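Chemist: Below is one structure. I have some questions about it.
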Amino acid sequence: MGTENPGRPNFTTRPTTTPFAAPPQTMTPFSSSGPVAGPEASGFRPPPPASQQTPFSSSGPVGGSNASTFRPTPPVAPQTTVPFSSFGPAVGAQPSPFRPSTPARFNDPSVPPPPTTNVPPTVGPFSRFPTPHYPSTPQFPLTAPPPPSRPPPMGQLPFQPPAGQAPFQRPLQQMPSVQMGSPPQSVSSGPPSVGVHQSPSDSSFPAPLPNSQTSFPGYARKQVSADSQGPPTQSPFLTQGGYGAPPAASSPFASQQGGYVPPPPVAGPHHMQHPGSGPPLGGVQALTEDFSSLSIGSVPGSIEPGIDPKALPRPLGGDVEPKSLAQMYPMNCKPRFLRLTTGAIPSSQSLSSRWHLPLAAVVCPLAESPDGEEVPVVNFGAAGIIRCRRCRTYVNPFVTFTDAGRKWRCNICALLNDVPSDYFANLDATGRRIDMDQRPELTHGSVEFVAPTEYMVRAPMPPLYFFLIDVSSSAVRSGMIEVVAQTIRSCLDELPGYPRTQIGFATFDSTIHFYNMKSSLTQPQMMVVSDLDDVFVPLPDDLLVNLSESRSVVETFLDSLPSMFQDNVNVESAFGPALKASLMLMSQLGGKLLIFQNTLPSLGVGRLKLRGDDLRVYGTDKEHPLRLPEDPFYKQMAAEFTKFQIGVDVYAFSDKYTDIASLGTLAKYTGGQVYYYPNFQSTIHGEKLRHELARDLTRETAWEAVMRIRCGKGVRFTSYHGNFMLRSTDLLALPAVDCDKAFAMQLSLEETLLTIQTVYFQVALLYTASCGERRIRVHTAAVPVVTDLGEMYRQADTGAIVTLLSRLAIEKTLSSKLEDARNFLQLRIVKALKEFRNLYAVQHRLGGKMIYPESLKFLPMYGLALCKSAPIRGGYADVSLDERCAAGHTMMTLPVKKLMKLLYPSLIRLDEYLVKPSTEADDLKIMENRLPLVGESLDSRGLYVYDDGFRYVLWFGRVLPPDIAKNLLGTDFAAELSKVTLCERDNEMSRKLMRILKKFRESDPSYFQLCYLVRQGEQPREGHLLLANLVEEQMGGTNGYVDWIIQVHRQVQQNP
Amino acid sequence: MGDLYVWLVSFFFLIALLALVVFQLMCLADLEFDYINPYDSSTRINRVILPEYILEGVLGAFFLVTGHWVMSFFCGPYLYYNVKLYMSNTHLVDVTEIFNMLHKEKKQRLFKLFYLVFLLFLSIFWMILTALEDHE
Chain G
1 MGTENPGRPN FTTRPTTTPF AAPPQTMTPF SSSGPVAGPE ASGFRPPPPA SQQTPFSSSG
61 PVGGSNASTF RPTPPVAPQT TVPFSSFGPA VGAQPSPFRP STPARFNDPS VPPPPTTNVP
121 PTVGPFSRFP TPHYPSTPQF PLTAPPPPSR PPPMGQLPFQ PPAGQAPFQR PLQQMPSVQM
181 GSPPQSVSSG PPSVGVHQSP SDSSFPAPLP NSQTSFPGYA RKQVSADSQG PPTQSPFLTQ
241 GGYGAPPAAS SPFASQQGGY VPPPPVAGPH HMQHPGSGPP LGGVQALTED FSSLSIGSVP
301 GSIEPGIDPK ALPRPLGGDV EPKSLAQMYP MNCKPRFLRL TTGAIPSSQS LSSRWHLPLA
361 AVVCPLAESP DGEEVPVVNF GAAGIIRCRR CRTYVNPFVT FTDAGRKWRC NICALLNDVP
421 SDYFANLDAT GRRIDMDQRP ELTHGSVEFV APTEYMVRAP MPPLYFFLID VSSSAVRSGM
481 IEVVAQTIRS CLDELPGYPR TQIGFATFDS TIHFYNMKSS LTQPQMMVVS DLDDVFVPLP
541 DDLLVNLSES RSVVETFLDS LPSMFQDNVN VESAFGPALK ASLMLMSQLG GKLLIFQNTL
601 PSLGVGRLKL RGDDLRVYGT DKEHPLRLPE DPFYKQMAAE FTKFQIGVDV YAFSDKYTDI
661 ASLGTLAKYT GGQVYYYPNF QSTIHGEKLR HELARDLTRE TAWEAVMRIR CGKGVRFTSY
721 HGNFMLRSTD LLALPAVDCD KAFAMQLSLE ETLLTIQTVY FQVALLYTAS CGERRIRVHT
781 AAVPVVTDLG EMYRQADTGA IVTLLSRLAI EKTLSSKLED ARNFLQLRIV KALKEFRNLY
841 AVQHRLGGKM IYPESLKFLP MYGLALCKSA PIRGGYADVS LDERCAAGHT MMTLPVKKLM
901 KLLYPSLIRL DEYLVKPSTE ADDLKIMENR LPLVGESLDS RGLYVYDDGF RYVLWFGRVL
961 PPDIAKNLLG TDFAAELSKV TLCERDNEMS RKLMRILKKF RESDPSYFQL CYLVRQGEQP
1021 REGHLLLANL VEEQMGGTNG YVDWIIQVHR QVQQNP
Chain L
1 MGDLYVWLVS FFFLIALLAL VVFQLMCLAD LEFDYINPYD SSTRINRVIL PEYILEGVLG
61 AFFLVTGHWV MSFFCGPYLY YNVKLYMSNT HLVDVTEIFN MLHKEKKQRL FKLFYLVFLL
121 FLSIFWMILT ALEDHE
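Quick note, the sequences are listed as chains G and L, same order.
Just so we're aligned: 816 in full-length UniProt numbering is position 816 of the first sequence, and the numbers increase by one with no gaps anywhere.
Just so we're aligned: 58 in full-length UniProt numbering is position 58 of the second sequence, and the numbers increase by one with no gaps anywhere.
In structure tokens form, the structure reads like this:
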């Protein structure tokens, strides 16, 4: 796994069993160890007699290896122990136990040596891991003798007993009961030569190795010395090398190790990944692993859980898009548009029921493309858009042309369609169309078709923006109106769709004010409607005006808006009636409604009550209604808005409870978005609002859109998650959609058995572009159908899975307690890992190791982060109701990459970078230098930036050199940091900081990250800004990462 | 003789109720097969929900008043369920979530349908019995 299985394009080749067949032959000497690796016993068995010796030799080899590859590994001895630990149970005590374990593969060789009972066990462990590790196994014999010599220092204590064997047995037996035979494991594993070897290769887990070596130095030597055979053993190694390919023994190891996380010897736990399991036939290919594992266990006699926190997998590289599918089907659309939770569709319902994670797709139809990769626009002109007659699939790279180019076969329903004469082209000798290169729709997974008039119900609408602004006294006080007016004014030039763009404004407090901005006027005219029970729209024709015609009136209005209500003392809000009025105004055209809301709606329909102040309901079954809209009015309005193609974005600013749960409904069903600025003050949050509103207004927006996703026969999309409204069972209505929205959909198999080899997915988004053209954006992807659950795990995409899980969990919080949502997450993860474990439990003896597919190594981490994310975490006191709802609404729309960033934010140390002179290249480097989110990452002499994609927190260590603080903050560097704002000062350091922050922001433009400053020890700000977000830390009743892993692991092992 | 009329009236009540429930089911089925959009479907369904509830309540009261304890007892669970939905304000179908709720809504109405058919048989049985007794 660690190796990344570059070679595995073919699913079929995968079978793990075959791979080894070859190696055994080559390796006979090795066989003892080798056998382990090779799942197949057969290969090995023949050599038994020789092999027996060999095993020893192998052990010798270990020693020998020390010389060559292993040297660093004096720990080898420990390795040997390791196997024990894992096998512990089997080894139990004597040969007999052994046999059972070994029989399959090793029997002969290992058994004979039994003198050391351990030997066999070692073998066993290896067997589990097909990888080369075996060399270590031989070591066992060695270890047995040396035991006395072992240094007690490590967790090894159990082993220390002078009599080598006796001690061993002890541990072993214990192990089974404990489940985690970790101590032994640790000993064995940590030291395991493998780990050591890997260390060089593994960049990620560098630390552990050295430790391991040091810990067991005595061992190795003894072993070496003890083994006269050592030298012979080396040769076996070489043979192993043969497996991998490279002759050098060490090299093969390295390959294995790729995946590895070397565990620190002391802790005992480590991370072993076993790349080797799937070696291809003939040993041509590098050994690759089937799964990764993590030894978990407590050291007997100590309370500490035996996990080395450093060895745990962490997504420090951010979200990684799956590549294997793209390699297999190069014409698939890019993963930024469509990601599947697994790149392999199960072939039967029974298989899919064993896949406990969501089977789903995450679609971001308008994702921003980097320069040079824009989606090509295709205009078929007179030919019309080429679609399948039966299933309405659009022509795509996977269709095949036959009958000399006169027919094409639909890849989704296999129907033969006629090629229209305008679209006809001859086929060349290979059956390709000769004009293939000029046809982007036949070579690109993503294309945009210009839709003819059949795709229009009405003339394409112009981009239309309507602003509904709260002007009650609290809104005035916060300064929101001023920022909004300025921002809109500055964006007027960049609004998409010039010269057709339309614009309109209304404001409300206890009455509703409309503005006549007819182009013939010089000044806007204000009209007040105070009849809230029967709202009407005065002058319906002049309230929405063409921006280019009325530009000067609009500008005058925006300039005067802040001063107009400057002295407003009205504290009421007729939000509901204002909403109805906006609907009436916009229903002709549709468009985008931007709501700026500050005061809890108090008049007319849709008035809301203060909710959530009764503490007794929290944690009970009555809690979840607080997260649902209180008044059905909002749902009805949302439905009406969608019907008339109006998308709603809600900007909420209140410092008090403002019922985001109800207001957010408007955005939820209209494809909009909720922006929440609690306790808005223009001096502090103005920049954020300015940026985000500007982006909202100027980003490319698709109007009056509908989206449908089609897929092959036998597969069906069953549920959809995100911000949209379903127009029919599979049609998503999206009045306004843009690049920052992603939608998730789960699929299920309709037939018990799929007969097709490949499932095709086609996302089609029919929309009106701002330029007034009706277009269809089509993304097509092919995915293989597999019969093997292991393959599904191998192709799993953590990012997509976590996106799905987060949406499901958030939806769960709307119908039950927060705790249920967390349990739901945990259960799904546990079930998935348990099923995976069952896959390998028979082949490999797993002992106390936690195993997981390499592709899902970050899943537990993200699961934990999800449980600690704002919508789901804790209880009443942890997150305010409004923030919880706002975060929930936001997370329901986030594309995969942004969500991953939010769940596992980056923490980067800046002080060294600031002090040292640096170049542009350093800027890039520092962005990749992410630290794990644990308290230990924070050094009190440092300056750190924490970035979750929505805000930055600059953390000043307590003993940070004062000149840095002074340079960055100016003279008030000693003051309380909550009152200090960061701005560029006249020195190199400050400029550098601002430059790097700017870089960060440019890499992530969908939101503006406001910079919060906090000093170490500054409570409670530090706790709530930063410490509560260190997701790996244990705090306030939540698990730390280590505890979480142990908890998950325990549940995985329960009732298998 | 009066009893016979009671059964006749209840028979028509039940037929009316059945018609209302079947109508709702048809709307839901149409929605599922995309013959109708969710807006129309939910308005149509919501229009007849309250009449259905009231009719059912009246029927129960009618049985009670006319002294047919057993039948009014049978009407009880149905009535209780309706009142519960009404009190929790979930009796109307929600246009925004209608597709997610489709299965639940259909199941609920199918249950109602079977229950009404059961009541209908009971009342027909009593009606015939009464008619025969009257005849003798």
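Using N, Cα and C, we set each Cβ at its ideal position, and we do this for glycine too.
From a predicted model like this one, the values you see are computed outputs, not experimental measurements.
Tell me which residue opens and which closes the beta strand (DSSP E) that threonine 402(G) is part of.
Modeler: Its beta strand (DSSP E) spans residues 400–402.
Chemist: Are any of the Cβ atoms in chain L nearer than 8 Å to that of proline 275(G)?
Modeler: With a pLDDT of only 36 at proline 275(G), under the threshold of 50, the placement of this residue in the model should not be trusted, and no figure is reported.
Chemist: What does isoleucine 908(G) pair with, by DSSP beta-bridge criteria?
Modeler: In DSSP, isoleucine 908(G) forms a bridge with Arg930(G), Val945(G).
Chemist: For chain L, is any of its Cβ atoms less than 8 Å away from the one on alanine 639(G)?
Modeler: By this cut-off, alanine 639(G) is an interface position.
Chemist: Step through the CB atoms of chain G and report whether any lies within less than 8 Å of the CB of aspartate 34(L).
Modeler: For aspartate 34(L), the answer is yes, since a Cβ of chain G falls inside 8 Å of its Cβ.
Chemist: Taking CB distances under 8 Å as the criterion, tell me whether aspartate 94(L) reaches chain G.
Modeler: Yes, aspartate 94(L) counts as interfacial toward chain G.
Chemist: Pairing CB atoms from the stretch 647–659 of chain G with CB atoms from the stretch 676–684 of chain G, are three or more of them under 8 Å?
Modeler: Verdict: yes, contact present.
Chemist: So for isoleucine 412(G), helix, strand or coil by DSSP?
Modeler: Note: isoleucine 412(G) maps to coil in three-state DSSP.
Chemist: Just the Cα atoms here: how many angstroms apart are aspartate 428(G) and arginine 551(G)?
Modeler: Roughly 57 Å between the two C-alpha positions.
Chemist: Just checking, does the stretch 774–794 of chain G make contact with the stretch 846–861 of chain G on the three C-beta pairs under 8 Å criterion?
Modeler: Short answer: they touch.
Chemist: State buried or exposed for proline 499(G), treating a residue as buried only when at least 16 other CB atoms are found within 10 Å of its CB.
Modeler: Burial call: exposed.
Chemist: Could you give the distance in angstroms between the alpha-carbon of serine 186(G) and the alpha-carbon of serine 292(G)?
Modeler: For serine 186(G), the predicted structure reports a pLDDT of 36, less than 50, and the residue's modelled location is therefore unreliable. The matter cannot be settled from this model.
Chemist: Taking the alpha-carbon positions, what's the leucine 804(G) to leucine 827(G) distance?
Modeler: Rounded to whole angstroms, leucine 804(G) to leucine 827(G) spans 14 Å at the Cα level.
Chemist: For leucine 907(G), which option in Lys898(G), Tyr944(G), Pro895(G) has the closest C-alpha, if you only look at C-alpha atoms?
Modeler: That would be Tyr944(G), whose Cα lies nearest to the Cα of leucine 907(G).
Chemist: Check whether the stretch 709–721 of chain G and the stretch 756–763 of chain G are in contact - that is, three or more C-beta pairs closer than 8 Å.
Modeler: The stretch 709–721 of chain G, when compared against the stretch 756–763 of chain G, does touch it at the 8 Å Cβ threshold.
Chemist: In angstroms, rounded to a whole number, what distance separates the CA positions of leucine 734(G) and histidine 721(G)?
Modeler: Whole-angstrom Cα-Cα distance: 13 Å.
Chemist: For threonine 755(G), count neighbouring Cβ atoms within 10 angstroms of its own Cβ and tell me buried if that reaches 16, exposed if not.
Modeler: Classification of threonine 755(G): exposed, given that the 10 Å Cβ count is below 16.
Chemist: Cα separation between glutamine 843(G) and lysine 834(G)?
Modeler: Near 15 Å, if we compare the C-alpha coordinates of lysine 834(G) and glutamine 843(G).
Chemist: CB leucine 747(G) to CB arginine 716(G), shorter than 8 Å?
Modeler: Yes; because the gap between Cβ atoms is below 8 Å, this pair is in contact.
Chemist: Pull up the DSSP beta-bridge partners for threonine 90(L), would you.
Modeler: For threonine 90(L), which the question treats as bridged, DSSP gives no partner whatsoever.
Chemist: Just curious, the beta strand (DSSP E) that leucine 765(G) is in, first and last residue?
Modeler: Per DSSP, leucine 765(G) belongs to the beta strand (DSSP E) from 758–768.
Chemist: So that I know if they touch, is there some Cβ in chain G lying closer than 8 Å to that of serine 41(L)?
Modeler: No, no contact with chain G.
Chemist: Out of curiosity, what's the CA-to-CA distance linking valine 1042(G) and proline 309(G)?
Modeler: Spanning the two alpha carbons is a distance of roughly 6 Å.
Chemist: Residues in its own chain within less than 6 Å of valine 737(G) by CB, not counting five upstream and five downstream?
Modeler: Result list for valine 737(G): Gly671, Ala702, Ala705, in chain order.
Chemist: Check histidine 513(G) in the structure and name its three-state DSSP category.
Modeler: Three-state result, histidine 513(G): strand.
Chemist: Kindly indicate which residue of Leu366(G), Arg607(G), Gln502(G) has the alpha-carbon position closest to the one of leucine 765(G).
Modeler: Taking only the C-alpha atoms, the option nearest leucine 765(G) is Leu366(G).
Chemist: With distances taken from CA atoms, which of Phe824(G), Gly772(G), Met637(G), Thr768(G) is nearest valine 1048(G)?
Modeler: Checking every option, the nearest Cα to that of valine 1048(G) belongs to Phe824(G).
Chemist: Tyrosine 876(G) and leucine 615(G): beta carbons closer than 8 Å?
Modeler: Contact: yes.
Chemist: Whole beta strand (DSSP E) runs in the UniProt domain "Gelsolin-like" (936–996) of chain G with 3 or more residues, listed along the chain?
Modeler: You should have 943–947, 951–956.
Chemist: So if DSSP puts leucine 338(G) in a beta bridge, which residue, or which two residues, is it bridged to?
Modeler: Paired residues: Val363(G).
Chemist: Would you mind sorting aspartate 435(G) into buried or exposed? The rule is 16 or more other CB atoms within 10 Å of its CB.
Modeler: Exposed: under 16 other Cβ atoms inside 10 Å.
Chemist: Name the chain L residues that come within less than 8 Å of leucine 626(G), Cβ to Cβ?
Modeler: Chain L residues near leucine 626(G): none, gap ~15 Å exceeds 8 Å.
Chemist: Can you find a CB in chain G that lies within less than 8 Å of the CB of asparagine 37(L)?
Modeler: By this cut-off, asparagine 37(L) is an interface position.
Chemist: Helix, strand or coil, according to DSSP, for lysine 592(G) in the structure here?
Modeler: Looking at lysine 592(G) - three-state DSSP - the assignment turns out to be strand.
Chemist: Counting only beta-carbon separations shorter than 8 Å, does phenylalanine 99(L) have a partner in chain G?
Modeler: By this cut-off, phenylalanine 99(L) is an interface position.
Chemist: For the stretch 660–686 of chain G, enumerate the residues whose C-beta is nearer than 7 Å to any C-beta of chain L, in chain order.
Modeler: Here the close residues are Tyr669.
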